[in-house]
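Participant: Sending over a structure as structure tokens; questions will come in a sec.
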Amino acid sequence: MAIHRKLTTVARRDAVYLGCAVALAAAGCSAFNPAFLNLIAPGGGDAFITLPNPPGFVVLALVNNAQVDESLVNYLNQRLNLTGPQLAELRPRVRMRLRITYSDGTFQTVEVIDGSGNFVDPNFNAQSLPDLNQNDLTNVVARCDVASIALEPGTNIEVFVPVPLIGFQLVEITTGTVVTSEFRPRTQILPQFRALQIDDVDADGNTVLRRNIDVRDVLSPTTNVVCGSVVAVVVDGVLSVPFLRGVPDNDAPSFDQDDAATVASIGGRFEFRVSVQ
Amino acid sequence: MIKTVVRDAPSDLRGDSRTVRSGLKTAFMVSACVFVAAAVGGCGNATVFNPAFVNTVSGGIVPVTPGPGANFILVRVLNSTNQVLEFIVTIEREVLVLDADGNAQRDQDGNFITNTKRGSVRLNTGGTGNATELGILFPCDVSPVTKVGLGENLLPTDAAVFVGGGGAGGATGFGVPAGDLNPLDLFAGNFNCGDTIVFRAFVQTGKAGGIGLQSFLLPGFEQPSVFSGPDTFVNYERFLQTQLRENE
């Protein structure tokens with residue numbers, strides 16, 4: 059009888075230990091004071107902490123398929139001496155801010171950026187523009203449920219123009235009775251990110267002034283994104299700068315500052331489409 | 007649901023604790039059955055529960071980690087501080103050294119020569135709701151990611167998070183050092199390609215800035231291999247492959 063009682067006591071004690079172990083496993087140790095856990099096992103208090111499973115994700119990606127205009131590459135490569143493989147990898151540096159709005163009403167703004175950061179006029183001190191040296195951010199992973207993804211209100215998509223541009227003005231010079239016209243340098247635009255502009259259209263939708271993006275190629279918002287989707291913003295187009303002909307001793311990128319169409323086209327031509335997988 | 011059954015119990019049964027317990031038990035079992043049936047029985051196509059909720063509980067709807075199907079490392083940052091927070095996520099990867107023709111260079115023994123390259127990204131998180139979390143995918147097939155941590159140089163004194171900034175492009179707020187949150191190392195077996203790494207910031211008194219930091223790992227091989235919803239990371243990897251140009 060005494061032996062049986064002792065065995066029962068042992069079994070009861072083991073059951074208590076087992077119960078403690080189960081409770082520990084179930085509670086992830088959060089039931090105990092971390093100071094106590096650190097006392098018996100330094101750092102051990104953090105070892106059992108777990109997080110709940112995430113519900114799933116939506117991947118937002120920037121895919122940069124744009125190219126650099128050949129005349130710009132030829133001009134800049136005289137100074138950079140890029141190799142064939144490096145030339146093949148050239149991409150205009152494009153950035154944009156996107157707003158991810160969740161179904162609970164909260165939102166995040168992410169700045170995605172991609173493209174060649176070293177394709178810039180070597181006379182220009184690239185260190186003075188930290189954004190150029192910023193690391194690429196071509197994807198972010200958002201938690202479900204995502205209500206919409208759109209360009210951040212009040213912001214523009216920007217492309218980096220890697221060379222200085224000289225603005226010329228046609229002036230008339232009178233020498234005695236002879237009047238001649240020639241271009242004189244008036245302004246200079248340093249290498250910088252330039253906001254891409256949408257074409258000007260009239261009331262009938264006809265293009266009045268061609269800028270950087272056709273009205274049909276703007277970045278459209280994506281709404282009610284299914285959990286698990288991949289939302290890719292694909293950039294196509296060509297980065298280009300004007301070269302003003304007819305100016306003696308000037309082969310640098312330049313433009314007639316009174317030519318509205320040329321000024322509007324600085325930066326090139328781009329199109330944006332959103333692909334949801 | 008359980009509360010409703012107890013409250014609506016017939017008045018003649020009130021006071022009979024055994025019957026009430028029995029009703030509670032029945033309600034609990036019915037609830038459990040409905041829940042299990044909904045979760046396990048392919049609730050992805052049903053409209054009873056939000057698929058995101060079902061995926062949290064039982065999985066199998068959409069993937070929550072890239073592996074083993076896709077060659078990415080997913081780094082998630084989780085903000086549990088109720089303040090706007092910017093995480094500085096840094097990785098190191100081994101990158102092949104190429105010659106002028108773009109060919110990978112080898113050493114005398116024929117092994118590929120690699121350079122260790124480090125890169126940081128800033129991930130902004132909000133103080134409330136779903137905006138408290140954000141992630142980024144790092145490809146790990148060609149150039150393996152060898153270290154993942156917080157802070158630009160992966161040092162204990164580096165600012166790992168900035169608290170109270172203005173979001174993307176805005177003021178950065180004040181920095182909180184990484185402290186004893188060591189970077190995770192591939193060669194030490196801390197993670198593998200296909201895994202998910204989570205960095206969490208939470209309120210902790212006695213720490214610099216009142217912010218504590220933790221890291222978690224979700225191994226890729228632990229998740230189901232078949233999903234009833236979109237296979238997120240595999241779809242993304244395939245999409246990127248279709249976007250490669252001829253000269254690449």
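Line order of the protein sequences matches chains A and B. Under the working numbering, the first residue of the first sequence is numbered 59, with each subsequent residue one higher. Under the working numbering, the first residue of the second sequence is numbered 7, with each subsequent residue one higher. Note that the Cβ used here is the ideal one computed from N, Cα and C, for glycine as well.
#1: Taking Cβ positions, are Arg337(A) and Thr167(A) nearer each other than 9 Å?
#2: When DSSP builds the beta bridges, which residues end up paired with Arg206(B)?
#3: Using the Cβ count rule (16 or more neighbours within 10 Å means buried), how would you classify Phe144(B)?
#4: Near Pro180(A), which residues of its chain fall below 7 Å by C-beta distance, leaving aside the five closest residues on each side in sequence?
#5: Which of the three DSSP states is assigned to Asp179(A) in this structure?
#6: Are any of the Cβ atoms in chain B nearer than 9 Å to that of Asn193(A)?
#7: When the cut-off is 9 Å and only beta carbons count, does Asp162(A) lie next to chain B?
#8: Mapping DSSP to helix, strand and coil, what is Phe193(B)?
#9: Below 8 Å on the Cβ atoms is my guess for Met82(B) versus Thr202(B); work out the distance and round it to an integer in Å.
#10: For Val121(A), which residues does DSSP report across the bridge?
#11: Determine the chain B residues that contact Arg201(A) at a beta-carbon separation under 9 Å, and present them in chain order.
#12: Which chain B residues are close to Thr141(A), counting only those with a beta carbon under 7 Å from its beta carbon?
#13: Between Gln125(A) and Val131(A), what straight-line distance do the alpha-carbon atoms span, to the nearest angstrom?
#14: Beta-carbon of Asn270(A) versus every beta-carbon of chain B: anything under 9 Å?
#15: Which same chain residues, not among the five before or five after Gln229(B), have their C-beta less than 7 Å away from its C-beta?
#16: Give me, in chain order, the residues of the same chain whose beta-carbon lies closer than 6 Å to that of Ile390(A); leave out the 5 immediate sequence neighbours on both sides.
#17: Please list, in chain order, all residues of the same chain as Thr238(B) whose beta carbon is under 7 Å from its beta carbon, the five residues on each side excluded.
#18: Considering only the beta carbon of each residue, do Val198(A) and Val170(A) sit closer than 9 Å?
#19: Per DSSP, what kind of secondary structure is Phe245(B) in: helix, strand or coil?
#20: So the alpha helix (DSSP H) Ala146(A) belongs to, where does it begin and stop?
#21: Is it buried or exposed, Thr281(A), if we count other Cβ atoms within 10 angstroms and call 16 or more buried?
#22: Bridge partners of Val5(A), per DSSP?
#23: Select from the segment 270-296 of chain A all residues with a C-beta closer than 8 Å to any C-beta belonging to chain B, and list them in chain order.
#24: Is there a Cβ from chain B that is less than 9 Å from the Cβ of Val305(A)?
#25: Would you say Tyr187(A) reaches chain B, if we count a Cβ-Cβ gap shorter than 9 Å as a contact?
#26: Is the Cβ of Asn132(A) closer than 9 Å to any Cβ of chain B?
#27: Since Ser126(B) meets chain A, which of its residues come closer than 7 Å, beta carbon to beta carbon?
#28: Using DSSP bridges, identify the partner residues of Asn121(B).
#29: Rounded to whole angstroms, what is the Cα-Cα separation between Asp186(B) and Ala110(B)?
#30: Which residue marks the beginning of the alpha helix (DSSP H) containing Pro183(B), and which one marks its end?
#31: Whose Cβ in chain A lies nearer than 9 Å to the Cβ of Ile67(B)?
#32: Cβ closer than 9 Å: which chain A residues qualify as neighbours of Val70(B)?
#33: Tell me which residues of the segment 225-242 of chain B have at least one Cβ-Cβ distance to chain A shorter than 8 Å, keeping chain order.
#34: With a threshold of 9 Å between beta-carbons, can Asn123(A) be considered close to chain B, or not?
#35: For my contact list, Ser86(B) and Ala207(B) are in at a C-beta cut-off of 8 Å; report their separation, rounded to the angstrom.
#36: By how many angstroms is the C-alpha of Gly141(B) removed from the C-alpha of Asn198(B)?
Facilitator: According to the structure data:
#1: The first residue shown for chain A is 59 and the last is 335, placing residue 337(A) beyond what the model contains.
#2: The residue given as residue 206(B) occupies position 200 in the second sequence. Bridge partners of Arg206(B): Leu84(B) and Gln220(B).
#3: In the second sequence, the residue the question calls residue 144(B) occupies position 138. When all chains shown are included, Phe144(B) counts as buried.
#4: The count along the first sequence starts at 1 and reaches residue 180(A) at position 122. Only Arg137 and Leu138 meet the Cβ criterion.
#5: Residue mapping note: residue 179(A) aligns to position 121 of the first sequence, counting from 1. DSSP places Asp179(A) in coil when its eight states are reduced to three.
#6: Numbered from 1 along the first sequence, position 135 holds the residue referred to as residue 193(A). It does; some Cβ of chain B falls within 9 Å.
#7: Your numbering for residue 162(A) matches position 104 in the first sequence. Yes, because at least one Cβ of chain B sits closer than 9 Å to the Cβ of Asp162(A).
#8: In the second sequence, the residue the question calls residue 193(B) occupies position 187. Here Phe193(B) sits in coil by DSSP.
#9: On the second sequence, position 76 is the one that residue 82(B) refers to. On the second sequence, position 196 is the one that residue 202(B) refers to. One detail in the question is off: residue 82(B) reads as Arg in this sequence, not Met. Confirmed, Cβ separation roughly 6 Å.
#10: Counting from 1 along the first sequence, the entry for residue 121(A) is found at position 63. Val292(A).
#11: Residue numbering aside, residue 201(A) sits at position 143 when the first sequence is read from its first letter. Simply Ala58, Arg82, Asn136, Ala137, Thr138, Glu139, Leu140 and Gly141.
#12: Here the question's residue 141(A) lines up with position 83 in the first sequence. Chain B residues near Thr141(A): Ala106.
#13: The count along the first sequence starts at 1 and reaches residue 125(A) at position 67. The count along the first sequence starts at 1 and reaches residue 131(A) at position 73. Using only the alpha carbons, I get a separation of about 10 Å.
#14: By one-based count along the first sequence, residue 270(A) stands at place 212. No - not a single Cβ of chain B is within 9 Å of the one on Asn270(A).
#15: Within the second sequence, the letter at position 223 stands for residue 229(B). These residues qualify, in order along the chain: Gly65, Pro69, Val70 and Thr71.
#16: Residue 390(A) falls outside the range modelled here, since chain A spans only 59 to 335, and no answer is possible.
#17: Stepping through the second sequence from its first residue, residue 238(B) is reached at position 232. The residues are Val68 and Pro69.
#18: Mapped onto the first sequence, residue 198(A) falls at position 140. Mapped onto the first sequence, residue 170(A) falls at position 112. Contact: yes.
#19: Position 239 of the second sequence holds residue 245(B). Correct three-state label for Phe245(B): helix.
#20: Translated into positions along the first sequence, residue 146(A) becomes position 88. From DSSP, the alpha helix (DSSP H) with Ala146(A) extends over Gly142 to Ala146.
#21: Sequence index remark: in the first sequence, residue 281(A) carries index 223 (1-based). Exposed, because fewer than 16 other Cβ atoms sit within 10 Å of the Cβ of Thr281(A).
#22: Shown here, chain A extends from 59 to 335; a query on residue 5(A) therefore has no answer.
#23: Val284, Cys285, Gly286, Ser287, Val288, Ala290 and Val292
#24: Here residue 305(A) refers to the residue found at position 247 when the first sequence is read from its first residue. It does not; no Cβ of chain B falls within 9 Å.
#25: Sequence index remark: in the first sequence, residue 187(A) carries index 129 (1-based). Here residue 187(A) is Leu; the residue named in the question, Tyr, does not match the sequence. No - not a single Cβ of chain B is within 9 Å of the one on Leu187(A).
#26: Taking the first sequence and counting its residues from 1, the one referred to as residue 132(A) is at position 74. No, no contact with chain B.
#27: Start at 1 with the first residue of the second sequence, and residue 126(B) comes out as number 120. Those within 7 Å of Ser126(B) in chain A are Asn193.
#28: The residue you call residue 121(B) lines up with position 115 of the second sequence. Note: Asn121(B) sits in a beta bridge opposite Val101(B).
#29: Counting from 1 along the second sequence, the entry for residue 186(B) is found at position 180. Counting from 1 along the second sequence, the entry for residue 110(B) is found at position 104. Taking the straight line joining both Cα atoms gives about 37 Å.
#30: Within the second sequence, the letter at position 177 stands for residue 183(B). Per DSSP, Pro183(B) belongs to no alpha helix (DSSP H); it is in the beta strand (DSSP E), Phe180 to Pro183.
#31: Here residue 67(B) corresponds to residue number 61 of the second sequence, with the count starting at 1. Within chain A, the residues near Ile67(B) are Pro113, Gly114, Cys285 and Gly286.
#32: On the second sequence, position 64 is the one that residue 70(B) refers to. In chain order: Asn111, Pro112, Pro113, Gly114 and Phe115.
#33: From the segment 225-242 of chain B, only Phe233, Gly235, Pro236, Asp237, Thr238, Phe239, Asn241 and Tyr242 have a Cβ closer than 8 Å to chain A.
#34: In the first sequence, residue 123(A) corresponds to position 65, counting from 1. Cβ-Cβ to chain B under 9 Å: yes for Asn123(A).
#35: Here the question's residue 86(B) lines up with position 80 in the second sequence. Here the question's residue 207(B) lines up with position 201 in the second sequence. Between Ala207(B) and Ser86(B) the Cβ distance is about 6 Å, and since that is below 8 Å, they are a contact.
#36: Against the second sequence, residue 198(B) aligns to sequence position 192. Against the second sequence, residue 141(B) aligns to sequence position 135. In this structure, the straight-line span from the alpha carbon of Asn198(B) to that of Gly141(B) is close to 17 Å.
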